[in-house]
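K.L.:
Residue numbering for the sequence shown is -20 to -1, 1 to 136, as defined by mature numbering (1 follows the signal peptide of the UniProt record, and there is no 0).
In this text, a Cβ means the ideal position worked out from N, Cα and C, and glycines have one as well.
All values reported here derive from a predicted model rather than from experimental measurement.
Pasting a structure below so you can have a look.
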Amino acid sequence: MRMSCASCILLIALSLPATARAGEQVLEFKLVTKPVDVKVTEVANVEGQTVMSGKMFGVAIFKDGRIAVKDFVNSSDLLKGSGPMFGYSTYTFDDGSSITARYSGAIKDGKAKGEYTILSGTGMYANATGTGGFESTKSGFKGAFLYDGRFIVKTP
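Encoded structure:
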């Protein structure tokens, strides 16, 4: 039986894993992070003002069952524990694929919330762009933080 060229292309496209197809994906995850090498500096003559920057590490568990490690740098300018923050994150999956994003947000009343802008990716996320967000959630972890996160990943 002879197949048309269009039929062959359609058959090949349908046989690819869903995560390898071009388009848009929503990736939801839980994230646990922990400071690794952080410096906090108190600002002179401004009570309760601190500037913090440093390296952090985390593990993200995605709704689809995949796990990624998160290496990131974070900076914040806090007055009595509240204020703006920003940083750069790279999430690396066990197949070697990664997503790198810049984030910005704020800490207020002990809760963090922010938005991601995806800058790049590798492997199944090569040339990725997109957005996302995160929000801290209550946890009992000592010295670590728990977040709900989401990426809206666009791949060519």
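Contact between the segment 118 to 125 and the segment 2 to 9 is defined here as three or more beta-carbon pairs at a separation below 8 Å; is this criterion met?
P.N.:
Touching, no.
K.L.:
Do you know offhand how far Lys43's Cα is from Arg130's?
P.N.:
If you take the alpha carbons of Lys43 and Arg130, they lie about 10 Å apart.
K.L.:
For Thr13, collect the residues of the same chain with a Cβ closer than 6 Å to its Cβ; drop the 5 residues on either side in sequence, then sort them by chain order.
P.N.:
Correct list, in chain order: Met36, Gly38, Phe125.
K.L.:
Nearest CA to the CA of Asp74: which residue from Thr102, Met65, Ala92, Gly28?
P.N.:
When each option's Cα is compared against that of Asp74, the closest is Thr102.
K.L.:
Would you decide whether Val23 is buried or exposed? Buried here means 16 or more other CB atoms lie within 10 Å of its CB.
P.N.:
Flag for Val23 reads exposed.
K.L.:
Let me know if Gly94 comes out buried or exposed under the rule of 16 or more other beta-carbons within 10 Å of its beta-carbon.
P.N.:
The residue in question, Gly94, is buried, as its Cβ has 16 or more Cβ neighbours within 10 Å.
K.L.:
Which stretch, first to last residue, makes up the beta strand (DSSP E) that contains Asn54?
P.N.:
First-last of the beta strand (DSSP E) with Asn54: 47 to 59.
K.L.:
Using the C-alpha atoms, what's the distance from Gly45 back to Pro15?
P.N.:
Cα to Cα, Pro15 sits roughly 25 Å from Gly45.
K.L.:
Across the segment 81 to 93 and the segment 59 to 67, are there enough close Cβ pairs to call them in contact, namely three or more that are closer than 8 Å?
P.N.:
Yes: the two stretches touch, three or more of their Cβ pairs being nearer than 8 Å.
K.L.:
Nearest to Tyr96 by alpha carbon, out of Ser33, Lys50, Gly34, Ile132?
P.N.:
When each option's Cα is compared against that of Tyr96, the closest is Ile132.
K.L.:
Can you round the beta-carbon distance between Ser78 and Phe52 to whole angstroms, since I take them to be within the 8 Å contact cut?
P.N.:
With a Cβ gap of about 12 Å, Ser78 and Phe52 do not count as contacting.
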